[in-house]
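2 protein chains.
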Amino acid sequence: MPDSRLPGDPAPPLPPPGRATIADVARAAGVHASTVSRALNPATRGMVTEAVALRVAQAAERLGWRPSALAAGLRTRKSRTIGILVPDLVNPIFPPIVRAAETLLAAQGYATLVANTDNDPAREEMLISRMAEHLVDGLMLASAAEGTRAIELCARWSIPAVLINRRLPGVATSAVTNDDRHGIGLAVGHLVALGHRRIAHLAGPPGVSTAIDRREGFFEALRAAGLEPAAVVDASGYTRAAGQVAMQALLAGPSLTMPAFTAVVVANDMLCLGVYDVLQGCGLLAGADLSVTGFNDMPFVDLIDPPLTTIRIQHAAMGREAAEALLAEIAEPATPRRDTRLTPELIIRASTRAAKQES
Amino acid sequence: MPDSRLPGDPAPPLPPPGRATIADVARAAGVHASTVSRALNPATRGMVTEAVALRVAQAAERLGWRPSALAAGLRTRKSRTIGILVPDLVNPIFPPIVRAAETLLAAQGYATLVANTDNDPAREEMLISRMAEHLVDGLMLASAAEGTRAIELCARWSIPAVLINRRLPGVATSAVTNDDRHGIGLAVGHLVALGHRRIAHLAGPPGVSTAIDRREGFFEALRAAGLEPAAVVDASGYTRAAGQVAMQALLAGPSLTMPAFTAVVVANDMLCLGVYDVLQGCGLLAGADLSVTGFNDMPFVDLIDPPLTTIRIQHAAMGREAAEALLAEIAEPATPRRDTRLTPELIIRASTRAAKQES
DNA sequence: TGAGGCAATGCAATCGATTGCAGAAAATGC
DNA sequence: GCATTTTCTGCAATCGATTGCATTGCCTCA
């Protein structure tokens, strides 16, 4: 295949219009391939005479040469590729994160591999292995589930990694998350200021760092306000369906004659959709009959009915910071790990209203 | 890979640290590297004795060998990687497409590079070049803009490509799109059935295939119903802001005393958000005062106020079909190009109501 | 003028897997 | 029992770029 010419055939024509290699450029510029390599690589351009660099650059341009990331990567053991693992790209909190990360990485010359884990540990491991095969320079793990072996796998393949959105207990890995405690505090503070005294919490799935922190933040903020939690129920996942189930459980709580609470602090916007579903089913109106707060300010919750009061997290900043942390670790593996907490912000909309006067 | 462990199951032990190459496996199994290669590759396993294959497999397992996608790709000129270009991953119609494609591709052993073009031709070309450098086996182009050189670039690098969501005039490239004409027809038919006679169209940006098809579909359906279009305005892009501007233009139309239309067929859901904004600003209510239909049924338009009547497209099927078409072309470049139109479906919600009796 | 120093370039090995070809071994045919 | 296939395995080249080391040429300075 390399050269199937028969003896006597004319010499092969100039590099085919498809693909020029560094050797082709070398021939065209009248220098050795290694010189071409040095001339074309900004980092080593200094090792080459100005004139040669120019001649090589022109030859490369003329031949339409493009580097082969595979060949370079094979030699340097760097693919200039970063992997991003998300549980489910359709969950609207992830696209902004991925997008921000991808944009920053692209500007630094990195390509981005994206994959969905479906929260399935086996699938996650398979994907990490595959990314390792592709020799990704780093991995961004969004919402790694508890008990995941992702970190061990990254260590096994020596892939720098950064956690996004969720932390993992006891692992020395950089993470970019939200200050969940503070965020929930904002929600509770807002409700208290509106006069609510019986406040419930619809918590996230146990074992997930965001759920734990928000749960604890809830108790803490309530205590600070001198109140007792009216009710707490854990959702089984961050889904609309889980929100429905949990909300039903909350409403079916101890007091059957009247709701035991006037407001509910929900651990996440997606759960709120389920909460809205249940309220609608009961003929209740969020805001008017029961104040509801969410978390994330995911896209379009400003458009639902009623617009959701929620805690806005810095989606894009999360992706950016994580990408930066990762690049820092790639450039200098000895970089100390960082645990970045982004400060969230209270967004007041119509799903929270002043508590009715207690009669 | 058929490892579908349940959470809690004991995880298989991690292979020993370090990185084994095919040569290491060869040494361990007492055979030549080329034999290892053949034994490990399912396609060539048959060239090797059963016993040798087993011995090699065990050695590979024991050493924790993983293939190097870079090395293999360099040699075979196939990276087992597919690129997906979207204008903006944050636009909610894309995540379902990307996700479906990624899932199918992952099952076939492909990794997926995702990048955002921001509708910027220069950026798009840069990204395609970069993907070419990474030797992607194929490219999925979601919503390629008119006048893009993407197709030429793919041809230049001989990268099989498939268009998603939008077609491009005059290019012989497979495409998976929606039957936009039919979809708009459903919307018009629905409004006509509700008694509307003065129907306007808020069209998409000129030059974009979806906008053109929907525009034409609108005229066609109206003609079929024996009606004249009440008004038509083009939006400058598929964005909420463009929707606002276009809606204002529609309302400021010829008749200043009364709206010249009782219903508006909008080219896309995102534009509808702008339409809602304007209506709200005028104290008008979608549904009650003016019927509105969208297109795409993007996530969460069922939750906005009022829930949007729209045309549901098959997001996931679009990603899947496109991935399949692409894989077919990769496997057999002579595969005839296909132009797949997916049939959309009318989803009736509260933004459309029976026309008020004309007095 | 010749030794020493330095800068620019060439040489060749290397990264890890694949594959055409050739040789060895085993199976088959006559 | 020998020639001929058919299997199976090994050898070595190859993919395209990078890089440590060797070489060349030029400049400087004694």
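Line by line, the protein sequences give chains A and B. Convert by adding 1471 to the 1-based position in the first sequence; the result is the number in my numbering. Convert by adding 1471 to the 1-based position in the second sequence; the result is the number in my numbering. The beta-carbon is built from N, C-alpha and C at its ideal position, and this holds for glycine as well.
Range covered by the alpha helix (DSSP H) that runs through residue i
i         : result
Asp1651/B : Asp1651 to Ala1664
Thr1764/A : Unbroken run through Thr1764/A is the beta strand (DSSP E), Ser1762 to Thr1764; no alpha helix (DSSP H).
Leu1606/A : Counting along the chain, Leu1606/A falls outside any alpha helix (DSSP H), and DSSP gives it neither H nor E.
Leu1744/A : Asp1740 to Cys1753
Asp1705/A : That residue, Asp1705/A, is in no alpha helix (DSSP H); its beta strand (DSSP E) goes Ala1702 to Asp1705.
Val1568/A : Sequence inspection shows Ile at residue 1568/A; the Val mentioned does not correspond to that position. Start and end: Phe1565 to Ala1578.
Ile1622/A : Ala1621 to Arg1627
Ile1683/A : Ser1680 to Ala1695
Ser1505/B : Ala1504 to Leu1511
Arg1498/A : Ile1493 to Ala1500
Thr1547/B : Ala1540 to Thr1547
Arg1711/B : Arg1711 to Leu1722
In DSSP terms, what residue i is bridged to
i         : result
Asn1587/B : Val1557/B
Thr1811/B : Val1647/B
Leu1817/B : Ile1782/B
Asn1767/B : Arg1783/B
Ile1670/A : Ala1734/A
Leu1634/A : Leu1612/A and Ala1646/A
Ala1582/B : Thr1552/B
Ile1775/A : Ile1775/B
Ala1757/B : Leu1761/B
Residues near residue i in its chain [Cβ-Cβ closer than 7 Å; skip 5 each side]
i         : result
Leu1721/B : Ala1671, Leu1673, Ala1702, Val1704 and Val1735
Ala1757/B : Tyr1747, Leu1750, Val1763, Pro1777 and Ser1822
Ser1708/A : Residue identity check: residue 1708/A is Gly in the sequence provided, not Ser. Taken in chain order, the residues that qualify are Pro1676.
Asp1651/B : Thr1681, Asp1684, Arg1685 and Gly1688
Phe1732/B : Arg1669, Ile1670, Ala1671, Ala1701 and Ala1702
Spatial neighbours of residue i in its chain, beta-carbon cut-off 6 Å, leaving aside the 5 residues before and after
i         : result
Leu1727/B : Here the model assigns Leu1727/B a pLDDT of 49, short of 50, so the residue's position is not dependable, and the following value carries that caveat. Once the five neighbours on either side are set aside, Leu1727/B has no close Cβ partner at all.
Met1769/A : Pro1563, Ile1564 and Asp1740
Trp1536/B : Ala1491 and Val1496
Gly1554/B : Leu1584, Met1602, Val1607 and Leu1610
Val1806/A : Contrary to the premise, residue 1806/A reads as Thr rather than Val in this sequence. Excluding sequence neighbours, Thr1806/A sits near Ala1799 and Glu1800.
Thr1811/A : Val1647 and Glu1792
Thr1780/A : Thr1764, Ile1819, Arg1820, Ser1822 and Thr1823
Arg1638/B : Ala1646, Thr1648 and Ser1680
Check whether residue i and residue j have beta carbons under 8 Å apart
i         : j         : result
Leu1610/A : Ala1632/A : yes
Val1527/B : Ala1540/B : no
His1667/A : Pro1815/A : no
Glu1604/B : Thr1619/B : no
Ala1621/A : Ile1782/A : no
Gly1754/A : Gly1714/A : no
Arg1533/B : Ala1524/B : no
Arg1820/A : Asp1760/A : no
Thr1607/B : Ser1645/B : This sequence places Val at residue 1607/B; Thr is not what is there. No.
Val1737/B : Gly1697/B : no
Ala1717/B : Leu1742/B : yes
Ala1530/A : Ala1499/A : yes
Ala1504/B : Ala1494/B : yes
Asn1636/A : Ala1613/A : yes
Ala1825/A : Leu1665/A : yes
Ala1616/A : Pro1592/A : yes
Ala1577/B : Arg1808/B : no
Leu1817/B : His1661/B : yes
Ile1784/A : Ile1775/B : no
Proximal residues to residue i (C-beta, below 8 Å), its chain only, five neighbours per side dropped
i         : result
Asp1589/A : Pro1558 and Asp1559
Ala1571/A : His1786, Ala1787, Ala1788, Met1789, Gly1790, Arg1791 and Ala1794
Met1518/A : Arg1509
Phe1771/A : Pro1563
Ala1712/A : Gly1745
Cβ distance (whole Å) where residue i is taken to contact residue j below 8 Å
i         : j         : result
Val1647/A : Leu1813/A : 7 Å
Val1561/B : Pro1567/A : 5 Å
Leu1556/A : Ala1586/A : 6 Å
Arg1601/B : Ala1582/A : 6 Å
Start and end residues, beta strand (DSSP E) containing residue i
i         : result
Val1735/B : Ala1734 to Val1737
Val1519/A : Val1519/A -> no beta strand (DSSP E), and no H or E assigned at all.
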